[in-house]
Structures are given as C-alpha cells and as structure tokens.
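Enquirer: Structure in structure tokens, see below.
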Amino acid sequence: MPILAGQIAFYYLAAASVASAILAVTRRNPVHSMLWVLALFLHVAGIFLLVGAEFLAAVQVIVYAGAILVFYVFFLMLLDLPSEEVGPPFGAHWPLCAAAGVGFAALAWYARAPGLLPSPQQVAEGGPSRGNLSTIGTALFTQFALPFEIASLILLAAIVGAVVVGKKKTES
Amino acid sequence: MVPVGACLALSAVLFGIGLIGFLGRRNIILMLVSIEIMLNAVNVSLAAFSQNLQDSRGQVVALFVIAVAAAEAAVGLGLVLALSRNRPGVSVEELTQLKW
Numbered sequence: 029m030p031i032l033a034g035q036i037a038f039y040y041l042a043a044a045s046v047a048s049a050i051l052a053v054t055r056r057n058p059v060h061s062m063l064w065v066l067a068l069f070l071h072v073a074g075i076f077l078l079v080g081a082e083f084l085a086a087v088q089v090i091v092y093a094g095a096i097l098v099f100y101v102f103f104l105m106l107l108d109l110p111s112e113e114v115g116p117p118f119g120a121h122w123p124l125c126a127a128a129g130v131g132f133a134a135l136a137w138y139a140r141a142p143g144l145l146p147s148p149q150q151v152a153e154g155g156p157s158r159g160n161l162s163t164i165g166t167a168l169f170t171q172f173a174l175p176f177e178i179a180s181l182i183l184l185a186a187i188v189g190a191v192v193v194g195k196k197k198t199e200s
Numbered sequence: 011m012v013p014v015g016a017c018l019a020l021s022a023v024l025f026g027i028g029l030i031g032f033l034g035r036r037n038i039i040l041m042l043v044s045i046e047i048m049l050n051a052v053n054v055s056l057a058a059f060s061q062n063l064q065d066s067r068g069q070v071v072a073l074f075v076i077a078v079a080a081a082e083a084a085v086g087l088g089l090v091l092a093l094s095r096n097r098p099g100v101s102v103e104e105l106t107q108l109k110w
C-alpha cells in the first residue's frame, strides 16, 4: 500500500514540522531555536520529496539547512548574547502577535477552498514526462531566463551590500 | 499522492507560526529566522501547487524564493552586525533611535 505509506509519511512530516516550528519560535536559547529550525528544514525537505519535488528537496537541504542556517549560527556565535537568557523571549505585546498569527493562519486555512484550485485534469499537458531536474533546468534557462539573471543580480547586490554594511567605519 | 489541501493547511500553519515569531520575538536574529520559516511555508505551498497542476514552474519559483531568502539573510545579518558594533545586545525593544 504505497499510497497509505505516503499519507502516513506526510502526516508525520507535517506534525513534526509544525512541532519544530513552534519550538523554534518559543525557545529562549537562540541556539536551541536554530537546532529546531534545522529539524523543521529537514522535515520540509521530506515533504518536498513526497510531493515530487526532488530537486527542491536537495536544494532545501544544501542551501537552507547547509548554508543559510550555518550562516545564522555563525552570527549567533559571533555576537555573544549574554542578556538573552534573562529576559522573556517575547515582547510585552505578544498576545497581539499571537492573535495576528493565528488569525492569518485561520484565514489561509479557510481560503484553500477546493473550488479555487483548477483540477489536475484541466491543466495536464501532453508530452513525454522527464526527470524532475531536467524539467526544472529547461524551464529555468528558457522561460525563466530573465528572472534567473535578475536572481543573480539580487545575490550580487546582497553580497556587495553585506560587505558595505558590515565593514568597519573609517574616519573621513 | 499527497492531497494539495493538506499541504496548503500545513503551509498556512507554518506561516502563522513564523508570523508570530517575527512579530513577537525580542531577539532580532530570531526575527530573521522567523522570516525564513515563513518563506519555507510559502515554498511548501508552491511545491504542492506544482504537483497538483503537474507543472514544474511552481518549483522554479520556489528556487527563486530560496535565492531571495539567501540574499535577505546576508543583508539582514550584515545589518545586525553593524548594529551590534554600535551597541551590545540584539533586542529590538532597545532600538528606538534612528541614529546614535
């Protein structure tokens, strides 16, 4: 019963991601938060595998869990936050924030009405089915060539901006 | 075959959790991490749409989202570094001035 196994795997991954997201947001120690975010990213990569996005799962593990999160942990180590342990993790306005978050989640939950989604039969195109990576690569370099170049420009601007913002101030 | 509605529900819940973290946390680094949680939630729904419509373009857009998340992390953490050089601590409640 591979369908049932897929369902069980999905519900496990969903429950684990929600649990690790809640723990990541509520832990007082920032390093613990980072580790829960790592658990969240790995479970979301599993969900990507289940919905047939293998390349996205690999990118999620390599770029998100491997690069971006390590970057955050480096900064956490670099900054040395002694005062973080004493104060409450949330500001005084946290009930308002919780209401906003729960309200938005409820709205998005309500908005996923079945009538809004086109059924797969309507949009399925003919043509030979290829591997996931080949399809994405073709789309990336033909239909999405301009956004691809713009993404490289954004990354370049981010590198230059991070260097400019982060360098020591020189007296002029 | 995972139902698309379940993926969208998961995405909504994750986004809500990230929103709570972004609005409520006092630590500025954890606010940035909450943004990453929200972007990840959006990627989940993009991948679910991509599977539902049998169209790989959703996954391409998710790749762009990941690229923008990397850029945002670099610039945001650079700003935090510049901020912490001027004053200790990264609590947003103490940042009440534009310049000091």
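Chains A and B are the protein sequences, given in the same order. Count along the first sequence from 1, add 28, and you get the number used in this note's numbering. Count along the second sequence from 1, add 10, and you get the number used in this note's numbering. Every residue, glycine too, gets a C-beta built ideally from N, C-alpha and C.
#1: State the start and end residues of the unbroken alpha helix (DSSP H) segment that holds residue 100 of chain A.
#2: Helix, strand or coil for residue 181 of chain A, going by three-state DSSP, please let me know.
#3: Along the alpha helix (DSSP H) that carries residue 67 of chain B, what are the first and last residues, could you check?
#4: Checking contacts by CB at 8 angstroms: is residue 33 of chain B closer than that to chain D?
#5: Does DSSP classify residue 53 of chain B as helix, strand or coil?
#6: By the criterion of Cβ-Cβ separation under 8 angstroms, what are the contact partners of residue 44 of chain A in chain B?
#7: Ordered along the chain, which non-local residues of its own chain (more than five positions away) have a Cβ less than 7 angstroms from that of residue 44 of chain B?
#8: Can you round the beta-carbon distance between residue 72 of chain A and residue 45 of chain A to whole angstroms, since I take them to be within the 8 angstroms contact cut?
#9: Would you say residue 190 of chain A lies against chain B (beta-carbon separation less than 8 angstroms)?
#10: Which two residues bound the contiguous alpha helix (DSSP H) that contains residue 108 of chain B?
#11: Check whether the Cβ atoms of residue 47 of chain B and residue 49 of chain A lie closer than 8 angstroms to each other.
#12: List, in chain order, every chain B residue whose beta-carbon is nearer than 8 angstroms to that of residue 163 of chain A.
Expert: Working from what's here:
#1: For the purposes of this step, residue 100 of chain A is taken as residue 72 along the first sequence, with counting starting at 1. Per DSSP, residue 100 of chain A belongs to the alpha helix (DSSP H) from 97-107.
#2: Your numbering for residue 181 of chain A matches position 153 in the first sequence. Of the three classes helix, strand and coil, the one that applies to residue 181 of chain A here is helix, per DSSP.
#3: The count along the second sequence starts at 1 and reaches residue 67 of chain B at position 57. Here the alpha helix (DSSP H) through residue 67 of chain B covers 67-96.
#4: Among the protein chains of the structure shown, namely A and B, there is no chain D.
#5: Translated into the one-based positions of the second sequence, residue 53 of chain B becomes position 43. In the three-state reduction of the DSSP assignment, residue 53 of chain B falls in the helix class.
#6: To locate residue 44 of chain A, count along the first sequence from 1; it is residue 16. Within chain B, not a single residue places a beta-carbon under 8 angstroms from that of residue 44 of chain A; the smallest gap is close to 11 angstroms.
#7: Residue 44 of chain B sits at position 34 when you count from the first residue of the second sequence. If the five residues before and after residue 44 of chain B are omitted, its C-beta is found closer than 7 angstroms to the C-beta atoms of 28, 31, 32, 35, all from its own chain and listed in chain order.
#8: Within the first sequence, residue 72 of chain A is the residue found at index 44, counting from 1. Within the first sequence, residue 45 of chain A is the residue found at index 17, counting from 1. Correct: roughly 6 angstroms between the Cβ atoms.
#9: Translated into positions along the first sequence, residue 190 of chain A becomes position 162. Any Cβ of chain B closer than 8 angstroms to the Cβ of residue 190 of chain A would place that residue at the interface, and such an atom is present.
#10: For this step, residue 108 of chain B is matched to residue 98 along the second sequence. Note, residue 108 of chain B: premise wrong, no alpha helix (DSSP H); not H, not E.
#11: Here residue 47 of chain B refers to the residue found at position 37 of the second sequence. Here residue 49 of chain A refers to the residue found at position 21 of the first sequence. Yes, Cβ-Cβ distance for residue 47 of chain B and residue 49 of chain A is below 8 angstroms.
#12: Taking the first residue of the first sequence as 1, we reach residue 163 of chain A at position 135. Going along chain B in sequence order, the residues near residue 163 of chain A (Cβ under 8 angstroms) are 66.
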